[in-house]
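As structure tokens, the structure follows; a few thoughts come after it.
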Amino acid sequence: MSLKSLACVLLLTVLITGCSMNGERLVDRTAKKVDKLQGFYAELDAVVFSLEGEQRYRVKQWLQVPGRWRVEVETDTGEQIFLCDGEQVWIYQPGIKEFFHLDVDAAREIQPPFLLTGYLNELAGASSPLFEGQEKKENRDCYVVSYETYPESETVRLWLDKKSLFPILIETYQDEELLNRLACTSLTLNPKFADEFFMYTGENERKVATHCLVKPLSLDDAKRDWSLPVYVPAYLPEDTWLFIISHAEEDEREQLTLVYEGKHSFSLVQRAKSDRGIRVTEGMKEIVVGGSTGFYQKNRINELNTLWWSNETSDFVLTGPVPLTELLQVAQSLQAD
């Protein structure tokens, strides 16, 4: 072989090996793509698997950089909307006047379900992403990559379209058991959105709740400014700590919110006891909390568990993506500080 031919072979070998894809290179390319993103609109079909069977969702999502998003999750029985205008977060159901609302800083642990960029950001922050090769899905060439989540210890596998580097299929596993599958059926990158699209337009009589002011407090501040006993849990899940306390007014009622972060993040809301009692809605199940009758509901969209109960002076709401057994331990350990 001539020197010229040998040089060509060596150069071709370098080019082939230099252009081969691996986990680190794919993550870097994906992160750069997300950094340049101005927004997107996507439609997904989602299936969540559990011991109770399959639950199917139709999902539409809009995102506008830097911090506005809207996610609509529809089932055969209803619709739930997650909305952020960059400063406030709302979770509500059309036609129902009740809604859940948080200041965006106090709601950092609340993530909209199935948001595509959420998975891409997790991939970018993963410690050891695994490149699994290339595969054709829905007649499109894809890179297949997986990563582990913390603290859930789940495995997320993404099929990334080679051109857009957005996922067209997402599967989440725990101990090799499939938890959910998301299939992206439509994707538009960098469309234009009207500002009003990310604004909450609920019932006027509930509008007061959208103007709640959140004031960060220390525990001493909270006790000084609160006319009732301040209840704190004596039991906390492992690697979980008190992150922030806020004193706010919701629905013309003062409430104290303790936000805990760590391995198991959750929020504890306490208010003066209402004469109206707990408003029971479809899906809530009766449960005993610390000797009192309360209610429990699991939001299967994002594994969010919520407890409602009362004692002699206060109403409580305890909510977070925490196993029910842990949540009950926290609730039953409450004591006046």
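Mapping of the sequence shown onto numbering that gives the first Met the number 0: position 157 corresponds to residue 156, and the numbering continues sequentially without gaps.
C-beta: ideal position from N, C-alpha, C; glycine also.
query, result
"Which residue marks the beginning of the alpha helix (DSSP H) containing tyrosine 118, and which one marks its end?", "115-124"
"Jot down the residue ranges of each uninterrupted beta strand (DSSP E) in the stretch 22-104, minimum 3 residues, whole runs only, in chain order.", "38-49, 52-63, 67-73, 78-83, 87-91, 98-102"
"Check for me: the alpha helix (DSSP H) holding glutamate 137 runs from which residue to which?", "No alpha helix (DSSP H) holds glutamate 137; DSSP gives it neither H nor E."
"Tell me which residue opens and which closes the beta strand (DSSP E) that glutamate 170 is part of.", "166-173"
"If I measure Cβ to Cβ from arginine 28 and keep anything under 8 Å in the same chain, skipping five residues before and after, which residues do I get?", "Leu164"
"Pick from Thr154, Tyr295, Ile167: whose alpha carbon is nearest that of asparagine 138?", "Ile167"
"Ignore the nearest five residues each way along the sequence and tell me which others in alanine 330's own chain have a CB closer than 6 Å to its CB.", "Val288, Leu306, Leu317"
"Looking only at its chain, what residues have a beta carbon closer than 8 Å to the beta carbon of histidine 210, apart from the 5 residues adjacent to it on each side?", "At histidine 210, the pLDDT of 34 sits below 50, so the modelled position is not reliable; the number obtained from the coordinates is stated separately. Cβ within range, chain order: n/a, list empty."
"Measure the C-alpha to C-alpha separation of leucine 122 and valine 26 and round it to an integer number of angstroms.", "7 Å"
"Classify threonine 76: buried if its beta carbon has 16 or more other beta carbons within 10 angstroms, exposed otherwise.", "exposed"
"In this structure, does DSSP put phenylalanine 265 in helix, strand or coil?", "strand"
"Using the rule of at least 16 other Cβ atoms within 10 Å of the residue's Cβ for burial, across every protein chain shown, is tryptophan 61 buried or exposed?", "buried"
"Where leucine 323 and serine 152 are concerned, what is the direct C-alpha to C-alpha distance, given to the nearest angstrom?", "18 Å"
"Relative to the C-alpha of threonine 184, which residue among Asp84, Val321, Arg57 is closest?", "Arg57"
"What are the boundary residues of the alpha helix (DSSP H) that threonine 324 is part of?", "323-331"
"What's the C-alpha gap between glutamate 53 and asparagine 179?", "9 Å"
"What number of angstroms, rounded off, separates the C-alpha of arginine 252 from the C-alpha of asparagine 189?", "41 Å"
"Since alanine 182 is in the beta strand (DSSP E), which residue starts that stretch and which ends it?", "176-188"
"List the DSSP bridge partners of asparagine 304.", "Lys297, Gly319"
"So, with DSSP's three-state summary, where would you put arginine 252?", "strand"
"Could you spell out where the beta strand (DSSP E) holding leucine 342 opens and where it closes?", "Since the first residue of the chain shown is 0 and the last is 336, residue 342 is not available in this structure."
"Could you tell me which residues DSSP puts in a beta bridge with glycine 132?", "Val143"
"Does the distance from the CB of leucine 257 to the CB of leucine 241 come in under 8 Å?", "yes"
"Does DSSP classify glutamate 227 as helix, strand or coil?", "Checking the displayed sequence, the identity of residue 227 turns out to be leucine instead of glutamate. Leucine 227 falls in the coil class under three-state DSSP."
"How long is the line joining the alpha carbons of glutamate 285 and glutamine 296, rounded to whole angstroms?", "9 Å"
"Mind checking whether leucine 326 and asparagine 304 have CB atoms under 8 Å apart?", "yes"
"Report all residues from its chain with a CB closer than 6 Å to the CB of valine 231; omit the five preceding and five following residues, and keep chain order.", "Asp336"
"Determine the closest residue to valine 268 out of Gln79, Trp68, Glu73, Asp314, with distance taken between C-alpha atoms.", "Asp314"
"Using a 10 Å radius around the Cβ and a threshold of 16 neighbouring Cβ atoms, would you call glutamine 254 buried or exposed?", "buried"
"Taking buried to mean at least 16 other C-beta atoms within 10 Å of its own C-beta, is leucine 181 buried or exposed?", "buried"
"Name the residue from Gln63, Ser264, Lys135, Pro320 whose alpha carbon lies nearest to the alpha carbon of alanine 193.", "Gln63"
"Would you call leucine 218 buried or exposed, if buried means 16 or more other Cβ atoms sit within 10 Å of its Cβ?", "exposed"
"Residues in the same chain with beta-carbon distance under 7 Å from lysine 32, minus the five sequence neighbours each way, listed in chain order, please.", "Leu164"
"State buried or exposed for proline 112, treating a residue as buried only when at least 16 other CB atoms are found within 10 Å of its CB.", "buried"
"If you count every other CB in all the chains shown that lies within 10 Å of the CB of tyrosine 142, and 16 or more means buried, which is it?", "buried"
"Pull up the DSSP beta-bridge partners for proline 232, would you.", "Leu333"
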